[in-house]
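The structure appears below as structure tokens.
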Amino acid sequence: MPHLQSIIHPAGIQAARVSHLWWVMFWICAVVWAAVAVTAMVAIARGRRGSSTATDAQMARSVTVAGGLSVAALLGLLFQSIVTGRALDTLRSPDALRIQVTGNQWWWDVQYEHAVPSRRVTTANEIHIPVGRAIRFDLLSTDVIHSLWIPSLQGKIDLVPGRLNELWLRADEPGIYRGQCAEYCGLQHAKMALVVVAEPPDDFERWLTANRAPASPPTTPEQQRGRDIFERGPCAMCHTIAGTSAGGRSAPDLTHLGSRSTIGAGTLPNTKGYLAGWIADPQHIKPGNRMPPTGLNGEELQAVLAYLETLK
Amino acid sequence: MPVARLTVALAALCLAGAAPAGCEREARRYQELPASANRETGVRVGALEPGMPQQQAEVRSPYQDNAWGMGEGKRLYAAYNCAPCHGVNGGGAIGPPLIDDKWIYGARADQIYATISQGRPDGMPSFGGHITTQQIWQLVAYVQSMSGQVKATSAPSRNDDQMAALPESRQSKQVPVQTGHR
């Protein structure tokens, strides 16, 4: 992934506009800076040559020219900023894919809207989107103000408790992009990331269909025991696994945990070893996060891991 | 001079005295399973005892003076569905209110712990084993704060959403009465 999270390597039309604005600002400011630096150096090199011969009128003209140039440059930037802002608003379309993203300390709840409630897809910390289609994010927050920022695809916008914000974007190149909470939201703000997978529409539909299905039942006795521990122990109080009795809503949905690439909202890669470490002692890996140490013994932990691995 | 020196000494004394209390308010104990966990054994459910009543050591929630712990308790109160029965602000609904002075099964920390952990007849589920002991103690401290049983300086002072009632830190302190019935 060469340009995982970069504003100057846009992968979508919105990010391209933001990137363009950035380069316009960069070059105008670079020219102004160079002009000021050169003028200052020339003045230093020439030094003061006796008493100034400039008349008041000449001085006034210089100030007017400098002031006029500054105002013109600033107006140019303002104009470009307004043009970009308006262009960012042109993506709205009625057949956009609607995804509801809810910020939580410190993870993202992701729900793909559907008119039939049972056909909604819930996942967390990883968003799959089809390339070339407008996406509308409905942004909410359950606790404090967060901000969704996927630099390769779009500028950032806040998730405010009690308020619905919208973010529109379109990915034009398939790829995996990293997003990040961009509004300080507490202790683990830095470890509140998400992964955006932009893929061809066919692949996306396949992913959506697979994620709409409930979790497949365990096959081996160890997996069965893992599911029992999950359902009867503390896990189910906060986590949901569709197709089981675990229905907690205050932590990430784990129905298809195995299909995600990270755990702990982008904190660690999703491998069995890291997952074991996370379940055994989440407070060591991400201090202050909402998952308490569960106190499972080694045998129970292995069983839970064996079950979680089946959740593809 | 002596007056200035005395002032400095007094200020230092005050700071030294205030520091431990302030630290306890601010401590965030993410990993700890409190040593006092599982103290539910030995909680007396009935008031009658054969012979003279036994001395009972006072059990306090480890989070009773801890703002973070009570804040977590407040969050868990919503996350674990306490609110639908006891009311969003503890005013009671299908379950008894938690902001008044009446306690069916007692207002002591060990009694509240037993109520949450073991459940009570006619509706209170037993959360023992389903949530960690640390979380039960956080809930105990928060439930105590709802009727002003803890220091106002440590109790939660705001909601994350709309405030329909006074925050816990401004609850007037109730004198608990154990009623044994609703």
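Sequence lines, in order, name chains L and V.
Take 1 as the starting number for the first sequence in the numbering used here and just add one per residue.
Take 313 as the starting number for the second sequence in the numbering used here and just add one per residue.
Cβ coordinates follow ideal geometry from the N, Cα and C atoms, glycine included.
As the structure is a prediction and not an experimental result, all values here were calculated from the model.
Cβ pair residue i, residue j closer than 7 Å
i        : j        : result
V:Ser484 : V:Ala379 : no
L:Asn294 : L:Gln223 : The question names Asn, but residue 294 of chain L is Thr in the sequence shown. No, the Cβ-Cβ distance between L:Thr294 and L:Gln223 is not below 7 Å.
L:Pro287 : V:Tyr342 : yes
L:Ser152 : L:Ser19  : no
L:Asn270 : L:Ile263 : yes
V:Gly418 : V:Leu410 : no
L:Ser111 : L:Arg119 : Note that residue 111 of chain L is Gln in the sequence shown here, rather than Ser. Not in contact: L:Gln111 and L:Arg119 (Cβ atoms no closer than 7 Å).
V:Met364 : V:Ala453 : no
V:Arg494 : V:Pro437 : no
L:Ala182 : L:Ser141 : no
L:Ile229 : L:Ala303 : yes
V:Val489 : V:Asp422 : no
L:Leu159 : L:Gly233 : no
L:Ala193 : L:Ala306 : no
L:Trp168 : L:Leu91  : yes
L:Ala236 : L:Gly226 : no
L:Glu173 : L:Ala11  : yes
L:Gln80  : L:Val144 : no
L:Gln100 : L:Trp149 : no
L:Ala124 : L:Asp109 : yes
V:Glu370 : V:Gln450 : no
L:Asn297 : L:Gln188 : no
V:Cys397 : V:Ile406 : yes
V:Ser469 : V:Ser459 : no
7 Å Cβ cutoff, residue i in contact with chain L
i        : result
V:Ala391 : yes
V:Asp472 : yes
V:Tyr342 : yes
V:Ser348 : With a pLDDT of only 45 at V:Ser348, under the threshold of 50, the placement of this residue in the model should not be trusted, and no figure is reported.
V:Arg351 : Its pLDDT being 44, under 50, V:Arg351 is placed unreliably in this model, and the value from its coordinates should be taken loosely. With 7 Å as the cut-off, V:Arg351 does not count as an interface residue toward chain L.
Residues that DSSP places opposite residue i in a beta bridge
i        : result
L:Arg178 : L:Val195
L:Val101 : L:Val110, L:Leu139
L:Pro130 : L:Glu199
V:Val489 : V:Lys414
L:Ile263 : L:Leu268
L:Ser245 : Bridge partners of L:Ser245: none, in fact.
L:Gly12  : L:Ala171
L:Ala124 : L:Asp109
L:Ser147 : L:Asp158
L:Thr240 : L:Gly247
C-beta neighbour in chain V for residue i, strict 7 Å
i        : result
L:Asp89  : no
L:Glu299 : no
L:Gly277 : no
L:Gly103 : no
L:Gly288 : yes
L:Pro130 : no
L:Pro320 : Summary: the structure shown does not reach residue 320 of chain L, with chain L confined to residues 1 through 312, and so no result is reported for it.
L:Pro2   : Interpretation of L:Pro2 is limited by its pLDDT of 45, a score under 50 that renders its predicted location unreliable; no figure is taken from the coordinates.
L:Asp143 : yes
L:Val63  : no
L:Pro292 : yes
L:Gln283 : yes
L:Ala303 : no
Residue i: CB within 6 Å of a non-hydrogen atom of the ligand COA
i        : result
V:Trp380 : Looking for the ligand COA in the displayed structure turns up nothing, as the structure carries no ligands at all.
Residues within the stretch 427–460 of chain V neighbouring chain L, beta-carbon criterion of under 8 Å: Those residues of the stretch 427–460 of chain V that come within reach of chain L (Cβ to Cβ, closer than 8 Å) are Gly441, His442, Ile443, Thr444, Gln446, Gln447.
Task: Interface positions of the stretch 259–273 of chain L facing chain V (Cβ-Cβ less than 9 Å), listed along the chain - done: Listed by position, the residues of the stretch 259–273 of chain L near chain V (Cβ gap below 9 Å) amount to none.
query: Using a beta-carbon distance cut-off of less than 9 Å, what residues from the stretch 219–249 of chain L approach chain V?
result: Taking 9 Å as the cut-off between beta carbons, the residues of the stretch 219–249 of chain L near chain V are Arg232, Gly233, Pro234, Ala236, Met237, Cys238, Gly248, Arg249, in sequence order.
Check: Listed from N- to C-terminal order along the chain, which residues in the stretch 157–168 of chain L have their beta-carbon within a distance smaller than 8 Å of any beta-carbon of chain V?
Finding: Correct list: Pro161, Gly162.
Unbroken alpha helix (DSSP H) runs of length 4 or more, entirely within the stretch 32–56 of chain L: which are they?
Under the rule that a run must span 4 or more residues, no alpha helix (DSSP H) segment is found entirely inside the stretch 32–56 of chain L.
Worksheet entry | Contained alpha helix (DSSP H) runs [length at least 4] in the stretch 405–456 of chain V, N- to C-terminal order | List check, alpha helix (DSSP H) in window: 421–430.
* **Uninterrupted beta strand (DSSP E) stretches inside the stretch 149–177 of chain L (no shorter than 3 residues)** => Entirely contained in the stretch 149–177 of chain L, the beta strand (DSSP E) runs reaching 3 residues are, in chain order, 157–159, 165–169.
Uninterrupted alpha helix (DSSP H) stretches inside the stretch 356–408 of chain V (no shorter than 4 residues) | Given a length threshold of 4 residues, each whole run of the alpha helix (DSSP H) inside the stretch 356–408 of chain V is given here in chain order: 379–391, 395–398.
- [ ] Quick one: which residues of the stretch 172–195 of chain L get their C-beta closer than 9 Å to a C-beta of chain V? List them in chain order.
- [x] From the stretch 172–195 of chain L, only Leu187 have a Cβ closer than 9 Å to chain V.
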